[in-house]
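Each residue of the sequence shown is one higher than the one before, counting from -2 in my numbering. Just so you know, even glycine gets a beta-carbon here, dropped at the ideal spot from N, CA and C. Read through the structure below, which is laid out as structure tokens, and then see the notes.
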Amino acid sequence: MTVRLAEAHSDALGETRRRVAAVTSDQLELSTPCEDWSVRELLNHIVAGNLWAAELAAGKAIDEVGDRLDGDVLDDDLLSAYEQSAKLASDVFAEPGAMEAMCAVSYGPVPGSVYCGHRVLDVVIHGWDLATATGQDDVIPAALVQVCQEILEPQLEALQASGAFGEEVEVGSDADPQARLLALLGRSG
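Now the structure itself:
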């Protein structure tokens, strides 16, 4: 699945790019499904996550990066900031050996494949959050839903316990795969 992970990461970044491109300046202060974050704050989180991925997946330690990615990492051109960060993140996970290399992330050292999987989840789900907050089409491509389920299932309890995502939401037995994925990550939609 490592080759597929790099492709899924790139696909997730592309899907979220489409959503970032549709955000208008009058939507930046809207609330999002992520409690406590406005659309602008969510965009900042997404861009910062991409920038962190580019650093940590390239072998840097958190203390080497220091505080330079803290705070606001956006500039006036939100789409450009997103595109630049997405390219850096996509490129680093596409490097030969990136999936096998250890990444010193905040929750401990993990193989690049695990970190890339977490980035896929983060980018896909926050892309959905962005679409939902700004009234865009919030359908996640079926292939990305499936990859997210495959990433999530073996780690579900650990990820839920980490607080990285909201508490699981109940859905009916007839819920589609996207609704089930969102529910596992504390979202309804």
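Closest by C-alpha distance to residue i, when choosing among the options
i, options, result
"Asp74", "Val166, Gly163, Leu25 and Val168", "Leu25"
"Asp72", "Gly124, Arg37 and Asp60", "Arg37"
"Trp80", "Ser185, Ala9, Arg14 and Arg65", "Here residue 80 turns out to be Glu, not Trp, going by the sequence shown. Nearest option by C-alpha distance: Arg14."
"Leu153", "Gly186, Leu2 and Leu179", "Leu179"
"Pro138", "Leu2, Ser87, Glu12 and Ala3", "Glu12"
"Gly183", "Cys145, Leu2, Gly56 and Ala161", "Ala161"
"Cys145", "Val111, Ser103 and Leu127", "Val111"
"His123", "Pro30, Gly105, Gln143 and Glu97", "Pro30"
"Arg16", "Thr131, Glu147, Ala155 and Gln143", "Thr131"
"Tyr104", "Ala95, Leu118, Leu27 and Ala155", "Ala155"
"Ser28", "Ala172, Thr129, Asp173 and Pro174", "Thr129"
Paired residues, beta bridge with residue i - DSSP
i, result
"Ala101", "Pro106"
"Ser28", "Ser35"
Distance CB(residue i)-CB(residue j) smaller than 9 Å
i, j, result
"Ala176", "Ser170", "no"
"Met99", "Gly114", "no"
"Val52", "Val62", "The sequence given here has Glu at residue 52, not Val. In contact: Glu52 and Val62 (Cβ atoms closer than 9 Å)."
"Leu39", "Asp126", "yes"
"Leu76", "Trp49", "no"
"Ala55", "Val107", "no"
"Gln157", "Glu150", "no"
"Gln143", "Pro93", "no"
Neighbourhood of residue i by C-beta distance below 8 Å, restricted to the same chain and skipping five residues each side
i, result
"Glu167", "Ala180"
"Leu10", "Asn47, Ala83, Ala86, Ser87 and Val120"
"Ala172", "Ala180"
Residue i burial status per 10 Å Cβ neighbour count (16 or more: buried)
i, result
"Asp69", "exposed"
"Val136", "exposed"
"Ala78", "buried"
Cutoff 6 Å; reference residue i; Cβ partners in own chain excluding five residues on either side
i, result
"Ser22", "none"
"Ala19", "Gln133"
"Gly163", "Gly183"
"Ser35", "Glu26"
"Ala58", "Ala101"
Contacting residues, own chain, Cβ-Cβ under 7 Å from residue i (five flanking each side not counted)
i, result
"Leu141", "Ala5, Asp8, Ala9, Glu12 and Val121"
"Val102", "Leu53 and Tyr112"
"Ala91", "Ala3"
"Glu187", "Residue 187 falls outside the range modelled here, since the chain spans only -2 to 186, and no answer is possible."
"Ile148", "Gly114, Val117 and Leu118"
"Ala95", "Ala54, Val89 and Gly109"
Min CB distance residue i to chain B below 9 Å
i, result
"Ala95", "This model lacks chain B altogether, as it is built from one protein chain only."
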